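Undergrad: What follows is a single structure, and I will ask about it in a moment.
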DNA sequence: ACATAAATCCCTAAAAATGAGATTATTGTT
DNA sequence: AACAATAATCTCATTTTTAGGGATTTATGT
C-alpha cells in the first residue's frame, strides 16, 4: 500500500498510477484507502495535480486524468519525427497488403504503439496509439532487442527471461542471445501468433542517429493469408520502410544540430 | 525563474511545463538554467519523472515527454463517454455540411478539443484533439459559459473580462451576463470569425448529469458558404446533437451508479 | 583500453511534509 | 432562502525529507 514513503514527488505521481482501463474515476475517499495517504496530504497532492492539469475533478464524479494529458499527447503527436516521417510508409504497407502496419517506439524496457494504419477491419489485433505491448514476445519486441548493443541487450534478456523462454527463444541467456543474433542477421523478425493468435507479425528496426534502434515498423497480417514467399516479400518491404524512416530521422537530427 | 519554492511535487511537475510546441527536447543543463534547480536536485526530479514514464531520455538527445503520456491519453480516448457517444454525431454533421465538427470539453477555465471530424480540407481552422482553445472568444466558449449557473459564471466572466469586452460582448460583467442570457435563450451560440478569420462557429452545450455543461459540440464552416437560413438550419442540428449526446451521457451515468 | 562528459553519492543545515483535529466552503434539500 | 450534510481546507507542532556544494562513480565516445 505504502511503498513510496518519503518522497513527495513520487508519492504525488503515484496517484497517476491508479488510473487504469478498469478504473478511470476515483473519489478522494477511495484514493486515501488505496494509497494510504492521510486526508490533508491527499488533498494537497490532488490540488497540485489538478493545478498542473494532470487530474480533473468533475463535481460529483471524483477525479480523472486531466487536460494536460491530452495536451501533452498532442505535443508528442504533432512533433514526433518518427510519426511524421513514418506515417506515409505505414500507408504504403497497408495499401499493398491486407494488414495493419504499426510504428512502435521503445522507451527503455517499455514498447508502445505510437501510430498505426490498417487496410483491413480487425479490431481483435488492432493496436491503436497508446496501447502498451509486451517486450518479451512478438516480432516487434524481437526486432528491437536483436539490434541492441550487447551492453543493453544482456541485462534486458535477463529481465525478461521468463517470457522469452516461454515462446521458445532459448532456455539460457546465451541461447536467447544466439536466437537474436539470427534475427539480426536476417534484418527483421517474424512471429507466428505470439501476441495475437492467428496473426503473423513482421518487424524491422528503425534507427535515429545512434546505434540502438529507437522504434520498430511492423506489419501484422492474418496467418491464413500468407505463405513463406509472401513473408519474404513483405519482410523486404518492411525492412525497406525501416531503412527509409531511419534515414529520414538521422538526416533530420543532423540538420537540427546544425540549426 | 523559481516561483515554486517549497513544494517538491510542484517543483517536479514544473518540469513538464517547459515542454512546448517550440521546444520538445531539453538537456539537464538547459533545465537547470531554465528552472534554477541545482544539479543533484534536478537529476533527482528527472529520475523520478522518468521512472513514472512522464519523461523519456534518449541517449544524446536530452529529455522529452514520455510514454506514460501516450498511455494516459489512450486511457482517456478509450473510455471517454463523451467521445464514445459523440463521434457518430460529429460524423452526421460533417456528412451533412462541408464543415469541421468538434467536441470540446471544459476543464474549469480551460477548454480543449477532444474529438473532431471534418468533411472539408481546412488545415487553417482545424482543431485536432489536444489543441487548447481560448475561453474568452468563439462560439464554443460562449455556448459553455452561457449555460453555467450564475455562481460559476460571474467569477469566470471577471477572469476573462478583457477578452469578452474585446469581442464586443459587453463592457461590464452585467452586460456580458445579459449577452450570455440571450445565448442561453437561443440554446446555442454563433460566432463570426472570432477564432479563425472567415470561419463561422455554431455551438451547443452538452450535459453530463449535473446542471453545468461539461462540453460543447460545434460546427465550424467557411463564412462564405452560409447565410442566415443556413445558420438556423445548422444550429438546429447542432443543438439536437448536443441534446442527444447529453441524454446518452446522463443515461450512462445513471446505469454506472446502479452497477 | 582510455579520456571526457554525464549522472549519482555523501552529508548536514535548513526547510518542507505530515496528519490529528478544528474550521470553513460547498452542495443538495426541505 | 435558510439549513443540514458532506467535502475540502486550515492550523500547527513534530518529524522527516529536501537541497545543494563538492567529491565520486558511471557511462560514453574515440
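Residue numbers (this note's numbering), protein chains in the order written: chain F, 870 to 1128; chain X, 870 to 1128.
For every residue, glycine included, the Cβ atom is placed at its ideal position computed from N, Cα and C.
Fair warning: this is a prediction, and the values are worked out from it, not measured in the lab.
Any beta-carbon of chain F closer than 8 Å to the one on residue 934(X)?
TA: As a working mapping, residue 934(X) is identified with position 65 in the second chain. For residue 934(X), a Cβ of chain F is located within less than 8 Å of the residue's own Cβ.
Undergrad: Should residue 871(F) be labelled buried (16 or more other beta-carbon atoms within 10 Å of its own) or exposed?
TA: The residue given as residue 871(F) occupies position 2 in the first chain. Residue confidence is low: residue 871(F) scores 39 on pLDDT, short of 50, so the model does not pin down where it sits. Its coordinate-derived value is still stated next. Exposed, since its Cβ has fewer than 16 Cβ neighbours within 10 Å.
Undergrad: Apart from the five residues on each side of it in sequence, which residues of its chain come closer than 7 Å, Cβ to Cβ, to residue 901(X)?
TA: The residue labelled residue 901(X) in the question sits at position 32 within the second chain. The beta carbon of residue 901(X) is closer than 7 Å to those of 908 and 911 in its chain, skipping five residues each way along the sequence.
Undergrad: DSSP three-state call for residue 925(F): helix, strand or coil?
TA: On the first chain, position 56 is the one that residue 925(F) refers to. Strand, per DSSP.
Undergrad: Can you tell me whether residue 1076(F) is helix, strand or coil according to DSSP?
TA: Start at 1 with the first residue of the first chain, and residue 1076(F) comes out as number 207. If DSSP states are grouped into helix, strand and coil, residue 1076(F) belongs with the strands.
Undergrad: Given a cut-off of 8 Å on the beta-carbon distance, is the pair residue 890(F) and residue 944(X) in contact?
TA: Looking up residue 890(F) in the first chain gives position 21. Looking up residue 944(X) in the second chain gives position 75. Taking a C-beta distance under 8 Å as the contact criterion, residue 890(F) and residue 944(X) qualify as a contact pair.
Undergrad: Using a cut-off of 7 Å between C-beta atoms, extract the partners of residue 811(F) located in chain X.
TA: With chain F represented from 870 up to 1128, any question about residue 811(F) goes unanswered, as that position is not in the structure.
Undergrad: Please determine, among 976(X), 1022(X) and 972(X), the residue with the shortest C-alpha to C-alpha distance to residue 982(X).
TA: Residue 982(X) sits at position 113 when you count from the first residue of the second chain. Out of 976(X), 1022(X) and 972(X), 972(X) has the C-alpha closest to the C-alpha of residue 982(X).
Undergrad: If you follow the beta strand (DSSP E) that residue 812(X) is part of, which residue opens it and which one closes it?
TA: One cannot answer for residue 812(X) here, as it falls past the ends of chain X, which runs 870 to 1128.
Undergrad: In its own chain, which residues sit with a C-beta less than 6 Å from the C-beta of residue 1017(F), not counting the 5 before and 5 after it?
TA: For the purposes of this step, residue 1017(F) is identified with residue 148 of the first chain, where counting begins at 1. If we look at residue 1017(F) and ignore the five residues flanking it on each side, its Cβ neighbours are 1081.
Undergrad: In angstroms, rounded to a whole number, what distance separates the CA positions of residue 1129(X) and residue 1029(X)?
TA: Examination of residue 1129(X) is not possible in this model, given that chain X is present from 870 through 1128 alone.
Undergrad: Assuming residue 980(F) contacts residue 1004(F) (C-beta within less than 8 Å), just tell me the rounded distance between them.
TA: On the first chain, position 111 is the one that residue 980(F) refers to. On the first chain, position 135 is the one that residue 1004(F) refers to. Yes, they are in contact, since the Cβ atoms of residue 980(F) and residue 1004(F) sit about 6 Å apart, within 8 Å.
Undergrad: For residue 896(F), collect the residues of the same chain with a Cβ closer than 7 Å to its Cβ; drop the 5 residues on either side in sequence, then sort them by chain order.
TA: To locate residue 896(F), count along the first chain from 1; it is residue 27. For residue 896(F), where only same-chain residues beyond five positions count, the Cβ hits under 7 Å are 931.
Undergrad: Report the rounded CA-to-CA distance for residue 1129(X) versus residue 1099(X), giving the unit in angstroms.
TA: What the structure shows of chain X is the stretch from 870 to 1128, and residue 1129(X) is not part of that stretch, so it cannot be assessed.
Undergrad: Thinking residue 951(X) and residue 938(X) are a contact (beta carbons under 8 Å), I'd like their distance in whole angstroms, please.
TA: Here residue 951(X) refers to the residue found at position 82 of the second chain. Here residue 938(X) refers to the residue found at position 69 of the second chain. About 20 Å; that fails the 8 Å criterion.
Undergrad: DSSP three-state call for residue 1019(F): helix, strand or coil?
TA: Working through the first chain from its first residue, we reach residue 1019(F) at position 150. Three-state DSSP puts residue 1019(F) in a helix.
Undergrad: Below 8 Å, how does it come out for the segment 1045-1053 of chain F and the segment 1081-1097 of chain F: are there three or more Cβ pairs, yes or no?
TA: no
Undergrad: Against chain X, with Cβ distances strictly below 8 Å, would residue 954(F) count as a contact?
TA: Start at 1 with the first residue of the first chain, and residue 954(F) comes out as number 85. So no, residue 954(F) is outside the interface.
Undergrad: In the DSSP assignment, the alpha helix (DSSP H) including residue 910(X) goes from what residue to what residue?
TA: One-based indexing of the second chain puts residue 910(X) at position 41. From DSSP, the alpha helix (DSSP H) with residue 910(X) extends over 908-920.
Undergrad: Reducing DSSP to helix, strand and coil, say where residue 1024(X) ends up.
TA: Counting from 1 along the second chain, the entry for residue 1024(X) is found at position 155. The answer is helix: DSSP assigns residue 1024(X) an H, G or I state.
Undergrad: Interface residues of chain X around residue 928(F) at Cβ under 7 Å?
TA: Looking up residue 928(F) in the first chain gives position 59. Simply 1079.
Undergrad: Going by DSSP, what residue range makes up the alpha helix (DSSP H) through residue 1064(F)?
TA: Taking the first residue of the first chain as position 1, residue 1064(F) is located at position 195. That residue, residue 1064(F), is in no alpha helix (DSSP H); it is neither H nor E in DSSP.
Undergrad: Which of the residues in the segment 972-987 of chain F, read from start to end, lie with their CB under 7 Å from any CB of chain X?
TA: So the close ones are 976, 979, 981 and 983.
Undergrad: Would you call residue 926(F) buried or exposed, if buried means 16 or more other Cβ atoms sit within 10 Å of its Cβ?
TA: Here residue 926(F) corresponds to residue number 57 of the first chain, with the count starting at 1. With 16 or more other Cβ atoms within 10 Å, it is buried.
Undergrad: Taking residue 1129(F) as the query, report the chain X residues whose CB atoms sit under 7 Å from its CB, ordered along the chain.
TA: Since the first and last residues shown for chain F are 870 and 1128, residue 1129(F) lies out of range.
Undergrad: Answer yes or no: does any C-beta atom of chain X fall closer than 8 Å to that of residue 1129(F)?
TA: Because chain F spans 870 through 1128 in this model, residue 1129(F) falls outside it and cannot be assessed.
Undergrad: Taking the DSSP output, what are the residues bridged to residue 904(X)?
TA: For the purposes of this step, residue 904(X) is taken as residue 35 along the second chain, with counting starting at 1. BP columns for residue 904(X) are empty, so no partner.
Undergrad: Helix, strand or coil: how does DSSP classify residue 871(F) here?
TA: As a first step, residue 871(F) must be located in the first chain, where it is residue number 2. Caution is warranted here: a pLDDT of 39 is assigned to residue 871(F), below 50, making its placement in the model unreliable, and the coordinate value is therefore given only provisionally. In the displayed model, residue 871(F) falls within coil according to three-state DSSP, outside both helix and strand.
Undergrad: Compare the C-beta of residue 1115(X) with all C-beta atoms of chain F and state if any pair is closer than 8 Å.
TA: For the purposes of this step, residue 1115(X) is taken as residue 246 along the second chain, with counting starting at 1. By this cut-off, residue 1115(X) is not an interface position.
Undergrad: Do you know how far the Cα of residue 1056(X) is from the Cα of residue 1101(X)?
TA: Numbered from 1 along the second chain, position 232 holds the residue referred to as residue 1101(X). Numbered from 1 along the second chain, position 187 holds the residue referred to as residue 1056(X). Roughly 12 Å separates the two Cα atoms.
Undergrad: Could you name the residues of chain X that residue 1064(F) contacts, counting a contact when the two beta carbons are closer than 9 Å?
TA: Walking along the first chain from the start, residue 1064(F) turns up at place 195. Chain X residues near residue 1064(F): none, gap ~17 Å exceeds 9 Å.
Undergrad: Name the chain F residues whose beta carbon is nearer than 8 Å to that of residue 914(X)?
TA: Taking the second chain and counting its residues from 1, one reaches residue 914(X) at position 45. By Cβ distance, chain F contributes 878.
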